[in-house]
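K.L.:
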Amino acid sequence: MSNKLEILEEFKQAETKLNQLKSKEANTAASRTDDTIVIQPKFGDEMHELNAKCAQLSMVIEAMNASED
Numbered sequence: 146m147s148n149k150l151e152i153l154e155e156f157k158q159a160e161t162k163l164n165q166l167k168s169k170e171a172n173t174a175a176s177r178t179d180d181t182i183v184i185q186p187k188f189g190d191e192m193h194e195l196n197a198k199c200a201q202l203s204m205v206i207e208a209m210n211a212s213e214d
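Each residue of the sequence shown is one higher than the one before, starting from 146 at the first, in my numbering.
This is the structure we're talking about:
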């Protein structure tokens, strides 16, 4: 099993990547006109996977913190 620092680093990397994808998605959807636009997700699958990974790593970190108490 990985140590806590490795898990924290993996979490931080996944969270950073997720935030970058969200930012790209938002910039892609930004309207340059007053017309109605339809947003087509470009990074949906990858963002979903990263969300799941972050949630799982967060639970592992919480469990490790609880076991230290």
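Glycine included, every Cβ here is placed at the ideal spot set by N, Cα and C.
How should M146 be labelled, buried or exposed, when 16 other C-beta atoms within 10 angstroms of its C-beta is the threshold for buried?
P.N.:
Any reading at M146 needs caution, since the residue's pLDDT is 48, under 50, leaving its predicted position unreliable; the model's value is listed next. Exposed is the call here.
K.L.:
Hey, out of F188, L202, E213, whose CA is closest to Q165's CA?
P.N.:
Among F188, L202, E213, the Cα nearest to that of Q165 belongs to F188.
K.L.:
In terms of residue numbering, what span does the alpha helix (DSSP H) encompassing K198 cover?
P.N.:
189-213 is the extent of the alpha helix (DSSP H) around K198.
K.L.:
Relative to the C-alpha of K169, which residue among N210, M192, A159, F156 is closest?
P.N.:
Answer by Cα proximity: M192.
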